[in-house]
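Encoded as structure tokens, the structure appears first; notes follow it.
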Amino acid sequence: MGKKWQKGFSFVEYIIILFFSSVFVFLLIYILNPIDQIQILRDNIRKADLGKLQIALEKYYKENRKYPSSSVGPNYKIIRPDATVADWGQRWQLPYMGTLPKDPVYPRQTYIYYAASDGQSFYIYASLERGSQSSKTCNLEGPCLSLMKNKIPFDACGGICNYAVTSPNVSP
Numbered sequence: 065m066g067k068k069w070q071k072g073f074s075f076v077e078y079i080i081i082l083f084f085s086s087v088f089v090f091l092l093i094y095i096l097n098p099i100d101q102i103q104i105l106r107d108n109i110r111k112a113d114l115g116k117l118q119i120a121l122e123k124y125y126k127e128n129r130k131y132p133s134s135s136v137g138p139n140y141k142i143i144r145p146d147a148t149v150a151d152w153g154q155r156w157q158l159p160y161m162g163t164l165p166k167d168p169v170y171p172r173q174t175y176i177y178y179a180a181s182d183g184q185s186f187y188i189y190a191s192l193e194r195g196s197q198s199s200k201t202c203n204l205e206g207p208c209l210s211l212m213k214n215k216i217p218f219d220a221c222g223g224i225c226n227y228a229v230t231s232p233n234v235s236p
């Protein structure tokens with residue numbers, strides 16, 4: 065009498081398949097590194113947000129001959145023409161920008177807006193998650209140097225404020 069073949073896989077075959085599948089998944093995660101990819105994405109959003117806000121502030125300046133005022137710490141936000149504070153993610157001022165951007169992980173991290181008292185310069189700070197790996201940070205070794213000059217805590221962004229855009233007449 066011949067042996068009857070059983071349908072399906074043996075236990076050893078299951079273990080081998082499980083082993084190779086695990087190795088494949090581990091290598092895929094190691095190569096793609098989803099945490100780094102998410103951090104890169106959020107940092108790119110921050111850079112784009114601050115770039116758009118910088119353009120809107122320059123348009124505001126052209127019409128008003130000064131930048132909007134800023135609130136004092138710990139919040140450092142834009143003050144609307146009606147003297148109310150505009151929160152991140154809320155409406156601001158048409159036609160310059162309808163809604164202010166907010167950090168992708170707000171409220172854990174936030175943007176910081178600081179305008180000089182004469183309204184002739186501004187700084188907008190953010191905390192890049194991959195700051196030490198980005199050539200776009202204002203200081204590869206830590207926070208932006210202008211924070212100290214403006215008397216803003218280096219961690220006011222919710223992390224180290226290591227990225228900034230400014231008016232053309234100052235540097236971060």
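Numbering (the working numbering), first residue to last: 65 to 236. Note that beta-carbon positions come from the ideal geometry of N, C-alpha and C, so glycine has one too.
* To do: Might you give, ordered along the chain, the residues of its own chain that have their beta carbon closer than 6 Å to the beta carbon of E242, omitting 5 neighbours on each side?
  => Shown here, the chain extends from 65 to 236; a query on residue 242 therefore has no answer.
* Using DSSP bridges, identify the partner residues of Y177. => I188
* Hey, how far is the Cα of A150 from the Cα of R194? -> 28 Å
* Asked: So, helix, strand or coil for I80, using DSSP?
  -> helix
* Asked: Where do the N-terminal and C-terminal ends of the beta strand (DSSP E) with R194 fall, by residue?
  -> Counting along the chain, R194 falls outside any beta strand (DSSP E), and DSSP gives it neither H nor E.
* Asked: Mapping DSSP to helix, strand and coil, what is I142?
  -> strand
* Residue closest to I176, alpha-carbon to alpha-carbon, out of P159, G183, V87, L211 -> L211
* To do: Counting only runs of 4+ residues fully inside the region 89-152, write out the alpha helix (DSSP H) ranges in chain order.
  => 98-128
* Asked: Helix or strand or just coil, what does DSSP make of V229?
  -> strand
* Reference Y170, options L158, L117, R106, L209, closest by Cα -> R106
* Contact belief for L114 with I142 at Cβ below 8 Å, rounded distance in angstroms -> Rounded, the Cβ-Cβ distance is 13 Å, inconsistent with contact.
* Asked: In terms of residue numbering, what span does the beta strand (DSSP E) encompassing Q157 cover?
  -> 155-157
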